[in-house]
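Numbering (my numbering), first residue to last: 9 to 587.
In structure tokens, the structure reads:
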């Protein structure tokens, strides 16, 4: 009898099944009179387990709908890709600090702020429950219409999806059923997810796709770093500096991860890569020119503070400052902006200086350097104006005017290669950057943060929140050398794609120009640049607001050991072959 009932239900109660089915677009369950015995936390749909969790057409439909939601949020004055969020507690901290609350009890005077990804949600008329997950655990958000503004509650019902990254504030309450919850008084969408999360039960069925999109469900990862051999005092000091860097960042909650050295696309920087060929796969692979894009995918996957110390490879020239193989640390922190990274790099460098020299006033090649904090902070525009007298703010988008004034003002002091570089600049932002590198960079002896780079030369950085045409990016210079580069990271997947596509177009344009007019004064841009589609897809799942930084460890060791050449601090530098 029971089996017959199930058969009748499956054949004729299509309408009831549709009511019970999880809405693919909003992931919102509506239960006017009852609730489920088991709460689905991250599935995009509760379709039959024999079916594919997300067909291409379904995924594109969801993506299209969510892009419309992005537009609707912006039309209401709500930016769905936030710059930062001030968080007071992690989920696990709240569970520990308020474990004393009994069922039905509320800490009415304790306001907290949390942030994380929405992994589940239910709504009952004027009440909604959201499950928020950060890298420490989960906490329930208890949302009442009476506690929120009409706009917030409407957004919650119609514009918030599973997979979105939210920030919420409120008081702590333990429900009658014993669930510790944040009783929400306000919330904000920090990152709007464009793609539905994979089905909880099916997972990613395609093996290749499962590895490509591992950011969706990142497994436990351990990593290691091979220390330099003990063959030179500076190499020993390099080991100690690397160790101090690790101690510093791990004391702040960062975890070390490893990302691929062989990559399908050379992204994260603009440099000529080393190319190899994989015989079994019959495809070209590239030695990484940066670790950035894979580390950002770790943030998408749920990590909130990650770093990697490892080798970077760039098939470019040799000099006292450049080696084709060099060591960097890149680190990324969710829910922070580039101001956080300035504090971070000051902390790293000063602690390493104390380990290496026991003091913060050091000598480098005859110059006394003070590492006492705080370090100077100045915008690129102001530094260029101070050094050259040229105010690039007056040019707007007038490229030819910028070139003309630059040549007229600096012409007698420019080398032919500099004139050639300025003449080939495709935008005012590129001209500004060239002038900075020529007339300002060599003079930055004391620690200086150069702020707010043009958007044209910063394709991975977030637009400046108050200055059009600029980005929230800085570089740290000491002794006329770049030591670190950092951004408020771009998390808008649509904007990111457009900017990387423009970068590819500009590179191909330079390549064509050089092919037609080969000149020894020009750089060799004959290599290919391609979009990293896996990274762009990862962004569409939603990356939290974040800042990131790359710091050249070899250059830091040079500074702290008073070494004139990078080859002095690398155990096995690349050298010319002797006959």
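Ideal Cβ positions, reconstructed from N, Cα and C, are used throughout, including at glycine.
The structure displayed is predicted, hence computed values, not measured ones.
With 16 other Cβ atoms within 10 Å as the buried cut-off, status of residue i
| i | result |
| --- | --- |
| residue 392 | buried |
| residue 572 | exposed |
| residue 34 | Note that residue 34 scores a pLDDT of 40, beneath 50, so its modelled location is shaky; the value from the coordinates is reported in the next line. By the 10 Å Cβ count, residue 34 comes out buried. |
| residue 412 | exposed |
| residue 476 | exposed |
| residue 133 | exposed |
| residue 4 | Lying before the first or after the last residue shown, residue 4 is absent from the chain, which here runs from 9 to 587. |
| residue 159 | exposed |
| residue 543 | buried |
| residue 616 | Since the first residue of the chain shown is 9 and the last is 587, residue 616 is not available in this structure. |
| residue 438 | buried |
| residue 291 | exposed |
| residue 119 | exposed |
| residue 95 | buried |
| residue 388 | buried |
| residue 551 | buried |
| residue 400 | buried |
| residue 185 | exposed |
| residue 426 | buried |
Straight-line gap, residue i to residue j (C-alpha atoms, nearest Å)
| i | j | result |
| --- | --- | --- |
| residue 218 | residue 206 | With a pLDDT of only 44 at residue 218, under 50, the local geometry of the prediction cannot be trusted, and no value is derived from it. |
| residue 382 | residue 356 | 13 Å |
| residue 363 | residue 262 | 20 Å |
| residue 510 | residue 464 | 9 Å |
| residue 366 | residue 319 | 28 Å |
| residue 227 | residue 504 | Since pLDDT at residue 227 reaches only 33, below the 50 mark, its modelled position is unreliable, and the value read off the structure follows with that caveat. Taking the straight line from one Cα to the other gives about 26 Å. |
| residue 429 | residue 441 | 11 Å |
| residue 585 | residue 280 | 21 Å |
| residue 141 | residue 97 | 12 Å |
| residue 540 | residue 162 | 36 Å |
| residue 145 | residue 100 | 6 Å |
| residue 305 | residue 107 | 33 Å |
| residue 461 | residue 472 | 9 Å |
| residue 233 | residue 325 | With a pLDDT of 27 at residue 233, under the threshold of 50, the predicted position of this residue should be treated as unreliable, though the coordinate-derived value follows. Each residue's alpha carbon lies about 26 Å from the other. |
| residue 457 | residue 183 | 49 Å |
| residue 534 | residue 93 | 42 Å |
| residue 385 | residue 68 | 44 Å |
| residue 65 | residue 272 | 26 Å |
| residue 498 | residue 110 | 42 Å |
| residue 507 | residue 467 | 6 Å |
| residue 546 | residue 418 | 45 Å |
Contact check, residue i vs residue j, beta carbons under 7 Å
| i | j | result |
| --- | --- | --- |
| residue 173 | residue 198 | yes |
| residue 167 | residue 77 | yes |
| residue 264 | residue 315 | yes |
| residue 307 | residue 340 | yes |
| residue 480 | residue 346 | yes |
| residue 470 | residue 496 | yes |
| residue 135 | residue 152 | yes |
| residue 447 | residue 378 | no |
| residue 555 | residue 348 | yes |
| residue 115 | residue 188 | no |
| residue 321 | residue 295 | yes |
| residue 202 | residue 337 | no |
| residue 6 | residue 459 | It is not possible to answer for residue 6, since the shown part of the chain is limited to 9 through 587. |
| residue 176 | residue 553 | no |
Supposed close pair residue i, residue j - CB separation, criterion 8 Å
| i | j | result |
| --- | --- | --- |
| residue 494 | residue 557 | 4 Å |
| residue 482 | residue 350 | 6 Å |
| residue 150 | residue 190 | 7 Å |
| residue 485 | residue 491 | 7 Å |
| residue 75 | residue 330 | With a Cβ gap of about 42 Å, residue 75 and residue 330 do not count as contacting. |
| residue 570 | residue 373 | 7 Å |
| residue 267 | residue 303 | 6 Å |
| residue 247 | residue 568 | 13 Å between Cβ atoms; not a contact. |
Simplified DSSP assignment, three categories, for residue i
| i | result |
| --- | --- |
| residue 389 | helix |
| residue 2 | Residue 2 lies beyond the stretch modelled for the chain, which goes from 9 to 587, so this question has no answer here. |
| residue 42 | Note that residue 42 scores 35 on pLDDT, short of 50, meaning its location in the model is unreliable and no value can be drawn from it. |
| residue 151 | strand |
| residue 515 | helix |
| residue 378 | strand |
| residue 71 | helix |
| residue 259 | helix |
| residue 551 | coil |
| residue 437 | helix |
| residue 292 | strand |
| residue 417 | helix |
| residue 163 | helix |
| residue 322 | coil |
Closer than 6 Å: residue i CB and nearest the ligand MN heavy atom
| i | result |
| --- | --- |
| residue 374 | Ligands in the displayed structure: none, and consequently the ligand MN is not present. |
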